[in-house]
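Working notes for the structure below.
Number of protein chains: 2
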Amino acid sequence: MARVLLIEDDPNVRNALTLALKGRDHEVESAASGEEGLERLTRFAADVVVLDLMLPGIDGFEVCRRIRATTSTSIVMLSARGDDFDVVGGLEAGADDYVVKPVRPQVLEARIRAVLRRTNGVPSPVETYGALCVDRASLTVSRDGRRVALPPMELRLLLHLSAAPGQVFSRQQLLESVWEHDYLGDSRLVDACVQRLRAKIEDMPAEPRYVQTVRGFGYRFGPV
Amino acid sequence: MARVLLIEDDPNVRNALTLALKGRDHEVESAASGEEGLERLTRFAADVVVLDLMLPGIDGFEVCRRIRATTSTSIVMLSARGDDFDVVGGLEAGADDYVVKPVRPQVLEARIRAVLRRTNGVPSPVETYGALCVDRASLTVSRDGRRVALPPMELRLLLHLSAAPGQVFSRQQLLESVWEHDYLGDSRLVDACVQRLRAKIEDMPAEPRYVQTVRGFGYRFGPV
DNA sequence: CGTGCCATGTCATGAACGTGTAATAGCTTT
DNA sequence: AAAGCTATTACACGTTCATGACATGGCACG
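Protein chains in written order, with numbering that gives the first Met the number 0: chain U, 0 to 223; chain B, 0 to 223.
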């Protein structure tokens, strides 16, 4: 029914879950480490990733973030303990659900189904520009897979600019459409907001990659 | 592995089964009468109810019907005699299985597992988000396995938000779809309802995990 | 019919946060 | 070199939200 990528270092658990999920008509690929999992994911279009937290090399949280950085694949985390730190951290890292080991295969499968029901039902309109991810449904922005918290005006500005990549907007246009200011006035307000936005989403604010200045005209959302 | 509510008036049987099930890693609550059992069920989100038929006060059939009226919890009936009337009546009243006393604990446990296997195979419309469970059929909500009683408006709000996890809803949208208010007005009504809902479902209402504020825009159901 | 409880909507308060403005520094073009 | 444009930073005001108290109204129960 679904394409599942299982990232789990314990061979016993890995085999058991693989068999159980295959027995329920899922297509399963497995990986024994985070690196291997990320590599598989580039060739295997999984619907959902089942991700163990305790992994050799890069840990589950980091894997989770990296997956989220590039795809919207659902993630079900798997952990030996249900301690709050893990749960909170896991969900913050972008997991869709969190299951505590030991887990019965049918429970895991029910979780997978629930997650897929949720995410497949309403695919969220997420736009990716390089390392920047803009989700217009949840109004969240992430850079390199890490969530960036944006205040309202900066977020509105980014949403407006990124809706038409490449198009140049004058300050006046932005004041009208983003700020809904009707009066005409020379104000550096837009500039200030752009600076603050850049400080949060750009790697090198001095040489912005996403929100670019068009001298004498206004601003534009990358690409280059 | 499972959460079992045992409704049985005979103290000997009750204690014996409770101990046996606990010894096999189940979480067990017990009640000595139908009334008590129904009351427990409002606070204990059982996976399965083991229900004796001969009870003081309201009898097992009636308890069974009342449970079925509100929840989709599995029910295993327990009876002193195996006469056909009871079996047929029990299953008609909505029981999932029927066991005849005296019953050896391991047999009862096997039945419980079987019932859960069956019902898990066809997942009821229950959505689990972290520690929060929303059952859209019975309109019940539980947190960490404990039932949370929600007033109508708070429940409607939660159902609406959780139907589209991650999606941000403005206050105005919520007023229209949840309250069915058509007028436009600046009202803190939504805020108040969110606040009351949080107090009931969040571990730390000040740092909500499920119903999140998106400053300047509205609210969203996590996990994001 | 009366009473009491609970849910709901409104309001006041306070704190946290974001925003607009302004002043200064830096850079580009003429 | 000067003028024009933009970057950067700082600060104070205003907005927004959380929180808790209060009044209303419906519903169940006596």
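Yeah, the Cβ is synthetic: ideal placement off N, Cα and C, and Gly gets one too.
| Item | Value |
| --- | --- |
| I'd like to confirm the pairing. Which residues does DSSP put opposite D51 (chain B) in its beta bridges? | B:L77 |
| Should F220 (chain B) go down as buried or exposed, given a rule of 16 or more other Cβ atoms within 10 Å for buried? | buried |
| Smallest Cα separation from D143 (chain U): which of U:A130, U:I57, U:P10 and U:R155? | U:A130 |
| DSSP beta-bridge partners for L158 (chain U)? | For L158 (chain U), which the question treats as bridged, DSSP gives no partner whatsoever. |
| Can you check whether the CB of E28 (chain B) is closer than 8 Å to the CB of L4 (chain B)? | yes |
| Between the stretch 136-149 of chain U and chain B, which residues of the former have CB atoms less than 7 Å from a CB of the latter, in chain order? | A136, S137, L138 and T139 |
| Tell me Q211 (chain B)'s beta-bridge partners as DSSP assigns them. | B:R219 |
| Which residues in chain U have a C-beta closer than 7 Å to the C-beta of R219 (chain B)? List them in chain order. | S137 |
| Classify V121 (chain B) as helix, strand or coil using the three-state DSSP reduction. | Annotation note: pLDDT 45 at V121 (chain B) (below 50); position unreliable, coordinate value reported separately. Coil. |
| Can you find a C-beta in chain U that's less than 8 Å from the C-beta of E126 (chain B)? | yes |
| Between E7 (chain B) and T41 (chain B), what straight-line distance do the alpha-carbon atoms span, to the nearest angstrom? | 17 Å |
| Thinking C-beta only, is S137 (chain U) closer than 8 Å to V167 (chain B)? | yes |
| Based on Cα-Cα distance, which residue from U:L115, U:R170, U:N14 and U:A19 lies nearest to D96 (chain U)? | U:L115 |
| Going along the chain, which unbroken runs of the beta strand (DSSP E) with 3 or more residues stay wholly within the stretch 7-47 of chain B? | 26-30 |
| Taking A92 (chain B) as the reference, which of B:D58, B:Q172 and B:R39 has the closest Cα? | B:D58 |
| Helix, strand or coil: how does DSSP classify V147 (chain U) here? | strand |
| According to DSSP, is S137 (chain U) helix, strand or coil? | coil |
| In terms of alpha-carbon separation, which member of U:K199, U:P207 and U:Q172 lies closest to F216 (chain U)? | U:Q172 |
| Using three-state DSSP, classify S176 (chain B) as helix, strand or coil. | helix |
| Expressed to the nearest angstrom, what Euclidean distance is found between the alpha-carbon atoms of A1 (chain U) and L77 (chain U)? | 18 Å |
| Helix, strand or coil for R142 (chain B) per DSSP? | strand |
| According to DSSP, is R2 (chain B) part of a helix, a strand, or is it coil? | strand |
| Just to confirm my understanding: we take A44 (chain U), look at its own chain, exclude 5 residues before and 5 after, and list those with CB closer than 8 Å. What are they? | R2 |
| Does D96 (chain U) come within less than 8 Å of chain B when only Cβ atoms are used? | yes |
| Check this for me: beta carbons of V102 (chain U) and I200 (chain U), under 8 Å apart or not? | no |
| Along the stretch 49-71 of chain U, where does the CB come closer than 8 Å to a CB of chain B? Name the residues. | none |
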